[in-house]
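Enquirer: Convert by adding 12 to the 1-based position in the sequence shown; the result is the number in our numbering. I have a structure I would like to understand better, so I am pasting it below and will then ask my questions one at a time.
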Amino acid sequence: MKELLQELSPGDRDWLLATSLDPKRIPSHIAIIMDGNGRWARQRNFPRIMGHKAGVDPVRAVVETCARLRVEVLTLYAFSAENWKRPRHEIEGLWRLLRFYLKRELPNLMRHEIQLVAIGRLESLPSPVQEELQAAMDETAHNRGMRLNLAINYGGRTELVDAVNSILDNARLEGNLHSLEISEEAIGTHLYTAGLKDPDLLIRTSGEMRLSNFLLWQIAYAELYVTETLWPDFTRTELLQAILDYQNRERRFGGLTRSAPSAMDLSSLLLEEEVLELPLA
Ligand code: FPP
């Protein structure tokens with residue numbers, strides 16, 4: 013398949029890939045760690061911010077393709093809680109790019125009925141960034157198409173801390189702190205992603221085999237797709253390939269394959285002593 017794809021023009025390639033997809037098994041929620049902007053810039057002797065700038069077009073392509081494929085939720089990791097450790101001029105450049113993206117893409121988001129929501133500790137962002145994000149969220153709030161989460165000043169651990177503190181605050185208000193028991197469901201409903209399905213597919217660019225504190229709770233059963241492609245080079249074609257790859261996986265959620273003979277069935281036919289005597293290798 014890969015060789016055949018290489019011989020086709022980009023348009024034909026995307027058409028072939030898109031028609032190979034099973035429309036009934038498009039992932040409901042795709043999450044992406046957009047990595048490799050710095051390396052992309054370094055390979056060209058450009059300043060790092062040029063890599064981030066080159067990363068805006070793939071954001072646009074991915075958002076539009078996911079909306080067309082009727083993906084319900086797309087979550088993009090735009091700025092992690094750890095990214096504050098970067099030089100000030102790089103961080104300021106990222107805020108400028110975000111504001112540029114919001115301004116340029118708002119009409120597109122409206123056209124595709126996309127609802128934009130920023131998730132993370134937004135109160136630490138510079139005021140103009142907070143204001144523009146809020147304005148974009150307000151303007152798209154009634155859109156009924158795809159939900160686009162932009163994870164900004166986001167950390168999976170801080171999200172869990174915020175969720176637990178919010179549960180405790182509610183319990184204090186309701187006066188039932190002494191009898192409080194925290195369930196998985198309670199945590200889920202206090203996360204920034206409350207009410208949304210968990211990601212089915214997590215894509216990471218630039219080949220790093222790390223989760224980098226992204227959606228730690230929500231990706232418990234996500235299928236991972238890691239590509240060597242640096243984010244600025246990520247295309248619609250590769251997104252379609254990632255979805256096709258996902259559709260060829262078998263998701264078991266900790267259970268067993270439906271078709272393969274089950275080990276449980278076999279062991280239930282054996283007596284306990286016989287099981288203990290089975291060779292391990
Ligand atoms: C990681 O690459 C990327 C980021 C910290 C920022 C992501 C930002 C964009 C894709 C730009 C625009 C985004 C929006 C939503 C408008 P890196 O700098 O860590 O790359 P490196 O590992 O190669 O240094």
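Built from N, CA and C at the ideal position, the CB exists for glycine as well.
(1) Going by the beta-carbon positions, is the gap between I164 and G132 smaller than 8 Å?
(2) Is DSSP giving Y237 helix, strand or coil here?
(3) Please say whether E235 and Y204 have beta carbons closer to each other than 8 Å?
(4) Pull up the CB-CB distance for G168 and N225, whole angstroms please, since I reckon it's below 8 Å.
(5) Using DSSP with H/G/I as helix, E/B as strand and the rest coil, what is A183?
(6) Roughly how many whole angstroms lie between the Cα atoms of R111 and E144?
(7) Kindly indicate which residue of R264, G267 and L256 has the alpha-carbon position closest to the one of A35.
(8) Out of T247, T249 and L214, which has the shortest C-alpha to C-alpha gap to V85?
(9) In the DSSP output, what is N161 paired with across the bridge?
(10) With a threshold of 16 other CB atoms inside 10 Å of the CB of W52, please say whether the residue is buried or exposed.
(11) For the 8 Å Cβ check, are there 3 or more pairs between the segment 96 to 107 and the segment 73 to 82?
(12) For S32, does the count of other Cβ atoms within 10 angstroms reach 16, so buried, or fall short, so exposed?
(13) For L228, which residues of its own chain have a beta-carbon under 6 Å away from its beta-carbon, when the five flanking residues on both sides are left out?
(14) Just checking my contact of G25 with T249 at CB under 8 Å: how many whole Å lie between their CB atoms?
(15) How long is the line joining the alpha carbons of E15 and V129, rounded to whole angstroms?
(16) Excluding five sequence neighbours on each side, which residues of the same chain lie with their C-beta closer than 7 Å to the C-beta of V238?
(17) Could you check what DSSP says for H41 in three-state terms: helix, strand or coil?
(18) Whose C-alpha, out of F265, R263, N260 and L251, is nearest the C-alpha of L22?
(19) Should E262 go down as buried or exposed, given a rule of 16 or more other Cβ atoms within 10 Å for buried?
(20) Count the other CB atoms, across all protein chains shown, that sit within 10 Å of the CB of E171; report buried if there are 16 or more and exposed otherwise.
(21) DSSP has Y204 in a bridge; who is on the other side?
Expert: Taking the structure as given:
(1) For the purposes of this step, residue 164 is taken as the residue at position 152 of the sequence shown. For the purposes of this step, residue 132 is taken as the residue at position 120 of the sequence shown. Note that the C-beta distance between I164 and G132 is below 8 Å.
(2) Residue mapping note: residue 237 aligns to position 225 of the sequence shown, counting from 1. In the structure shown, Y237 falls within a strand segment according to DSSP collapsed to helix, strand and coil.
(3) For the purposes of this step, residue 204 is identified with residue 192 of the sequence shown, where counting begins at 1. For the purposes of this step, residue 235 is identified with residue 223 of the sequence shown, where counting begins at 1. Between Y204 and E235, the CB-CB gap reaches or exceeds 8 Å.
(4) To locate residue 168, count along the sequence shown from 1; it is residue 156. To locate residue 225, count along the sequence shown from 1; it is residue 213. Indeed, because the Cβ distance is near 5 Å, the residues count as touching under 8 Å.
(5) Working through the sequence shown from its first residue, we reach residue 183 at position 171. Looking at A183 - three-state DSSP - the assignment turns out to be helix.
(6) Against the sequence shown, residue 111 aligns to sequence position 99. Against the sequence shown, residue 144 aligns to sequence position 132. Straight-line Cα distance between these residues: approximately 7 Å.
(7) In the sequence shown, counting from the first residue as 1, residue 35 sits at position 23. For the sequence presented, residue 35 should be read as Pro rather than Ala. The shortest Cα separation from P35 among R264, G267 and L256 belongs to L256.
(8) Position 73 of the sequence shown, counting from 1, holds the residue named residue 85. When the alpha-carbon of V85 is set against those of T247, T249 and L214, the nearest one is in L214.
(9) As a first step, residue 161 must be located in the sequence shown, where it is residue number 149. Beta-bridge pairing links N161 to T87 and V129.
(10) By 1-based counting over the sequence shown, the position of residue 52 is 40. Buried is the call here.
(11) Of all C-beta pairs linking the segment 96 to 107 to the segment 73 to 82, fewer than three are shorter than 8 Å, placing the two stretches out of contact.
(12) Position 20 of the sequence shown, counted from the first residue, corresponds to residue 32. S32 counts as exposed, since fewer than 16 other beta carbons sit within 10 angstroms of its beta carbon.
(13) As a working note, residue 228 is residue 216 in the sequence shown. Taken in chain order, the residues that qualify are G168.
(14) If you number the sequence shown from 1, residue 25 lands on position 13. If you number the sequence shown from 1, residue 249 lands on position 237. The sequence as given places Arg at residue 25; Gly does not occur at that position. Contact flag correct, Cβ pair sits at about 5 Å.
(15) By one-based count along the sequence shown, residue 15 stands at place 3. By one-based count along the sequence shown, residue 129 stands at place 117. Straight across, the Cα-Cα distance linking E15 with V129 is about 39 Å.
(16) Residue mapping note: residue 238 aligns to position 226 of the sequence shown, counting from 1. When the five nearest sequence neighbours on each side are left out, the beta carbons in the same chain lying within less than 7 Å of the beta carbon of V238 are those of R216, G219 and M221, in order along the chain.
(17) The sequence position of residue 41 within the sequence shown is 29, counting from 1. Under the three-state reduction of DSSP, H41 is assigned to strand.
(18) Position 10 of the sequence shown, counted from the start, is the residue given in the question as residue 22. The question names Leu, yet the displayed sequence has Pro at residue 22. With distances taken between Cα atoms, P22 lies closest to L251.
(19) The residue labelled residue 262 in the question sits at position 250 within the sequence shown. With fewer than 16 other beta carbons inside 10 angstroms of its own, E262 counts as exposed.
(20) Within the sequence shown, residue 171 is the residue found at index 159, counting from 1. By the neighbour-count rule (16 or more Cβ atoms within 10 Å), E171 is buried.
(21) Taking the first residue of the sequence shown as position 1, residue 204 is located at position 192. Beta-bridge pairing links Y204 to no other residue.
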